[in-house]
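**Q**
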Ligand code: GDP
């Protein structure tokens, strides 16, 4: 797969998903299950996930230990319902590839300012365009100064049409125009940028709900997907944000950015666990091509390369 070796190298070298401790534990010095427990907790995998992982490792007789841990980690990176299902089967099947594409035509992209939302929309545009889909953007972040202009620049560069609003204008109006235009033109995919912060008197969560309603009205059929962009660097704070967004506008996917620049890749496990939402893509740089579909098995394998 294109770019995979780069991701593997980046994840392996810089994300430090579980930190060197676990790798060492694995490669040479696993003395006891307590060593493993300590390493998992230290890696921010979280208490509940750690207990399940240990249980899975303990009960996987006949497997070598590294394989048992890899399987257990893959299970943790699958959303809840599937995890229960797979644990019963006693193995981690290859499921992640099939759930990357949006079900319908519209994806609302949400997240707080600075996480990489606008850049991620550009990356998604390139990703799907190079796979033969027609793509449009709607610049629905009318509150961050120049967010629309930024998306406009990406659109020009990638050859993707951008529906623009007025700075400070109504985000829902831009979303409505975008969704209507998408339906009229029969474009395959529309990515809607949204505000990450509003001026004080507005409530961000209420605004996002409204945007969601408006999109589904303008473009009936399969409801819009809602993908949350999270910055891996923010760790546990990001997780708290994610829960708030999830309550307001139920998420259908998560994209974790900046895995190239952080040692906090461990946050992926609590994200999947607490939200029960699949990770769709990971961001590994600032360029349009620096987006990788998330594949739990590849990801975990990369940790032990
Ligand atoms: P927004 O406010 O959420 O729309 O954030 P932007 O898209 O403007 O991104 C904020 C900054 O993060 C920019 O400098 C981006 O280039 C950078 N950025 C976005 N995604 C990534 C990533 O995956 N890796 C790195 N290193 N930087 C990123």
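Residue numbers (the UniProt record's numbering): 8 to 312.
Every residue, glycine too, gets a C-beta built ideally from N, C-alpha and C.
Return the CA-CA distance between residue 93 and residue 82, expressed in angstroms with no decimal places.
**A** Roughly 7 Å between the two C-alpha positions.
**Q** Would the beta-carbon of residue 151 be found less than 7 Å away from any heavy atom of the ligand GDP?
**A** Residue 151 Cβ: within cutoff of the ligand GDP.
**Q** Is there contact between the segment 62-72 and the segment 295-309, where contact requires at least three CB pairs shorter than 8 Å?
**A** They do not touch, by the three-pair rule.
**Q** Out of curiosity, what's the CA-to-CA distance linking residue 240 and residue 194?
**A** Each residue's Cα considered, the two are about 34 Å apart.
**Q** Under a Cβ-count criterion, where at least 16 other Cβ atoms within 10 Å of its own Cβ denotes burial, should residue 224 be classed as buried or exposed?
**A** Its Cβ having fewer than 16 others within 10 Å, residue 224 is exposed.
**Q** Can you say whether residue 214 is buried or exposed, counting buried as having 16 or more other CB atoms within 10 angstroms of its CB?
**A** So residue 214 counts as buried.
**Q** Using a threshold of 7 Å, is the CB atom of residue 267 nearer than that to any non-hydrogen atom of the ligand GDP?
**A** Yes - the ligand GDP has a heavy atom lying nearer than 7 Å to the Cβ of residue 267.
**Q** For the ligand GDP, I want to know if residue 247 counts as a neighbour, meaning its beta carbon is within less than 7 Å of at least one of the ligand's heavy atoms.
**A** No, the ligand GDP has no heavy atom inside 7 Å of this Cβ.
**Q** Quick one: what's got a C-beta closer than 8 Å to residue 177's C-beta in the same chain, skipping five residues either side?
**A** Cβ neighbours of residue 177 beyond the five flanking positions: 149.
**Q** Measuring straight from C-alpha to C-alpha, what distance separates residue 143 and residue 58?
**A** Taking the straight line joining both Cα atoms gives about 44 Å.
**Q** Could you tell me whether any non-hydrogen atom of the ligand GDP is closer than 7 Å to the CB of residue 174?
**A** Residue 174 Cβ: outside cutoff for every heavy atom of the ligand GDP.
**Q** Tell me the DSSP secondary structure of residue 61 in three-state form.
**A** Helix.
**Q** List the DSSP bridge partners of residue 232.
**A** In the DSSP output, where bridge partners are listed per residue, residue 232 has 114.
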